[in-house]
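Here the structure is laid out as structure tokens; the discussion comes afterwards.
Residue numbers (the numbering used here): 63 to 209.
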């Protein structure tokens, strides 16, 4: 249900939430989260465009969350890069259905709505190790430079 792009965006956002003081370079994010650097650029730009991440160019620049982790939901992150596909009209194009979904497509759309609600209820802060008691989503080498 969640695309690889959304998984990458979630990994990057969790890692950035653990680095609140300094902008992180794309190289350090890519290394820590095991996301291919070229693809990470695409993901980070989508997060910047959605207002979830700030980008600081130049030496000492990088990426940083634009809002507190408590103010960002998993759904915000997923919607920024690859929104869940809701069913708004008959996928088969049947004219008799229009916007009135048949029982099959209505059930599928209701399931997607449940997933959206679940993702909306989880904040980025809930995924941080201090909240969960678990280790970080991605390995974090303490010797890794943030720049």
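Note that CB positions come from ideal geometry on N, CA and C, so glycine has one too.
Environment of residue i [buried if 16+ CB atoms lie within 10 Å]
i: residue 82; result: exposed
i: residue 131; result: buried
i: residue 184; result: exposed
Coarse secondary structure for residue i, derived from DSSP in three states
i: residue 176; result: helix
i: residue 105; result: helix
i: residue 163; result: coil
i: residue 92; result: helix
i: residue 153; result: coil
i: residue 99; result: helix
i: residue 170; result: helix
Residues of its chain near residue i, where Cβ-Cβ distance is below 6 angstroms and the 5 sequence neighbours each way are ignored
i: residue 65; result: 144
Proximity test, Cβ basis, 8 angstroms: residue i and chain D
i: residue 168; result: Among the chains in the structure shown there is no chain D, since it carries only a single protein chain.
Per DSSP, cross-strand counterpart(s) of residue i
i: residue 126; result: 116
i: residue 135; result: 185
i: residue 86; result: 125
Own chain residues within Cβ distance below 7 angstroms of residue i, not counting five before or after
i: residue 95; result: 73, 74, 77 and 200
i: residue 178; result: 137 and 146
Cβ-based neighbour list, residue i, same chain, cut-off 8 angstroms, excluding 5 preceding and 5 following
i: residue 88; result: 99, 102, 103, 106, 124 and 125
>> Between the segment 65-73 and the segment 92-110, can you find at least three pairs of beta-carbon atoms closer than 8 angstroms?
In response: yes
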